[in-house]
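Counting from 827, one number per residue, gives the positions in the sequence shown under the working numbering. All residues carry an ideal CB built from backbone N, CA and C; glycine is no exception. Just so it is clear, the structure is predicted and the values come from calculations on it, not from any experiment.
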Amino acid sequence: MIDSAAAQADGDYREECFAMLAGVLSRMCRRRGAIDDIEAALIHEAIAAAWDEGGNAADLAAVRKHLEARGDRRASDMATALGPWCPGGSMGRLFEGTAVPDLGRSVTVFELAELKGRGDLQAVVLMLVVFLATQRMYHGERTRAKAIVIDEAWDLLSGDDSRAFLEGAARRARKYRGSLVTGTQSVNDYYANPAARAAWENSDWVIFLAQKDESVELLKSEKRIHCDPGMEQALKSLTTADGRFAELVLHGPDGWRVARLVLDAWSVALYSSRGEAFAEVERHKAGGLTTVEAIDRIAGAERPTASETQPANHGGGQQ
């Protein structure tokens, strides 16, 4: 996961990697609550020692060995907590080997739904994916914009350890012309735990889709974002026409604007998460069509008229 040559030549790179991996191991060691400063230092030292000893060949068992060797009760407790994640443990087989996912393509998608119900494992895997993505950003061209997009993951990133990890990932992404993009159902979800709040507070740009009036009132009363009367009115007026368009408020450093997202019929069919849309694609595939042909068939039957995609008048945004 770590570039050995870069770690040798660039001390900042090495420390960034160790800090992010320490966040992952902290989640493994403390599934409930946060580790303290001493425990964090012990984990960081164990990672550094394992790396100095074995480089990229070092695994969780090596980190555990160095924790046990400290002779400290807290280090011993964390070594015990790492047991299930190490070779021979209940989840050890998932973290063995040296294979690393290839993120060289323009878009790479990781689907974690199969880990649903295994929150700790799902959270650890998500954190490792974010770490790998920031590694790719480090090696990518600085002239090319990059993004890590996390959808509906805030129930997994709870606790102060996850907050520090997420803030570190955001800082690292910015250095390499990258960004961290998050999506959730409601503004209130961003105040559900420390990691979600960190994402909100570190965001220069926020896109609001249709919200309940209660959520808008809470947004304004708790001053979670500067919301003048015009923006409040715009937020409460947003609507979504399924399969045709979604209205939004785009809020940035220089003010806000009202906009409408309109996709072509093919994209609507491709990206739809509605059960009926998925079933329709599967029905066409069962009839002998490929996925692309099935989407072509659906898109051809559901093209919106011009009048259905004309923007509404919301009174204009802030200039």
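Compute the distance between the beta-carbons of residue i and residue j, then report whether it is under 7 angstroms.
| i | j | result |
| --- | --- | --- |
| alanine 901 | alanine 888 | no |
| methionine 904 | tryptophan 911 | no |
| phenylalanine 1034 | leucine 1006 | no |
| arginine 998 | glutamate 842 | yes |
| isoleucine 1121 | glutamate 1106 | no |
| arginine 853 | alanine 949 | yes |
| glycine 815 | methionine 953 | No answer is possible for residue 815: the residues shown for the chain start at 827 and end at 1145. |
| tryptophan 1026 | tyrosine 1016 | yes |
| alanine 1024 | arginine 989 | yes |
| threonine 1066 | alanine 1036 | yes |
| asparagine 1028 | alanine 995 | no |
| aspartate 947 | phenylalanine 921 | Per the sequence presented here, residue 947 reads as leucine, with aspartate not at that position. It is not a contact, given that the beta carbons lie outside the stated cut-off. |
| phenylalanine 936 | valine 955 | yes |
| serine 1148 | glycine 881 | Examination of residue 1148 is not possible in this model, given that the chain is present from 827 through 1145 alone. |
Rounded to the nearest angstrom, how far is the Cβ of residue i from that of residue j, given a contact under 8 angstroms?
| i | j | result |
| --- | --- | --- |
| valine 1013 | leucine 1045 | 5 angstroms |
| leucine 1087 | alanine 1072 | 5 angstroms |
| leucine 908 | isoleucine 873 | Not confirmed; about 12 angstroms, so no contact. |
| arginine 840 | leucine 868 | Arginine 840 to leucine 868, Cβ: 18 angstroms. No contact. |
| leucine 1147 | arginine 1083 | Residue 1147 is absent from the structure shown; the chain starts at 827 and stops at 1145. |
| leucine 958 | valine 933 | That pair is no contact at about 15 angstroms. |
| leucine 1064 | leucine 1074 | 7 angstroms |
For residue i, is the classification buried or exposed, using 16 other Cβ atoms within 10 angstroms of its Cβ as the cut-off for buried?
| i | result |
| --- | --- |
| threonine 1008 | buried |
| glutamine 961 | buried |
| serine 1099 | exposed |
| glutamate 879 | exposed |
| arginine 919 | exposed |
| alanine 1154 | Because residue 1154 is not part of the residues shown, which for the chain are 827 to 1145, the question remains open. |
| glycine 837 | exposed |
| alanine 1021 | buried |
| alanine 835 | exposed |
| glycine 849 | buried |
| valine 975 | exposed |
| glutamate 967 | exposed |
| methionine 827 | exposed |
| histidine 1052 | exposed |
So what does residue i bridge to, in DSSP terms?
| i | result |
| --- | --- |
| arginine 1081 | The amino acid occupying residue 1081 in the given sequence is glycine; arginine does not appear at that position. Gly1078, per the DSSP bridge assignment. |
| serine 1146 | The chain is shown from 827 up to 1145; residue 1146 falls before or after that span and cannot be answered. |
| valine 1032 | His1077 |
| alanine 1067 | Phe1071 |
Is residue i helix, strand or coil when you go by DSSP?
| i | result |
| --- | --- |
| glutamate 937 | coil |
| valine 926 | coil |
| glutamate 1119 | helix |
| glutamate 1048 | coil |
| isoleucine 1124 | helix |
| glutamate 842 | helix |
| alanine 884 | coil |
| threonine 960 | helix |
| alanine 835 | helix |
| arginine 997 | helix |
| arginine 989 | helix |
| arginine 856 | coil |
| leucine 1089 | coil |
| serine 932 | coil |
| arginine 919 | helix |
| glutamine 1037 | coil |
| asparagine 1011 | The amino acid occupying residue 1011 in the given sequence is glutamine; asparagine does not appear at that position. Glutamine 1011: coil per DSSP, three-state reduction. |
| glutamate 865 | helix |
| lysine 1062 | helix |
| glutamate 967 | coil |
| lysine 942 | coil |
| aspartate 878 | helix |
| glycine 914 | coil |
| arginine 1100 | coil |
| methionine 827 | coil |
| glycine 849 | helix |
| glutamine 1114 | Rather than glutamine, the amino acid found at residue 1114 in this sequence is glycine. Glycine 1114 falls in the coil class under three-state DSSP. |
| alanine 1018 | coil |
| arginine 896 | coil |
Is residue i close to the ligand NAP? I mean its beta-carbon at under 6 angstroms from any heavy atom of the ligand.
| i | result |
| --- | --- |
| proline 1079 | Absence of the ligand NAP from the depicted structure is noted, as is the absence of any ligand whatsoever, leaving it without description. |
Examine chain C for any beta-carbon lying closer than 7 angstroms to the beta-carbon of residue i, and answer yes or no.
| i | result |
| --- | --- |
| proline 1055 | Judged by its chain identifiers, the structure shown contains no chain C, having just a single protein chain. |
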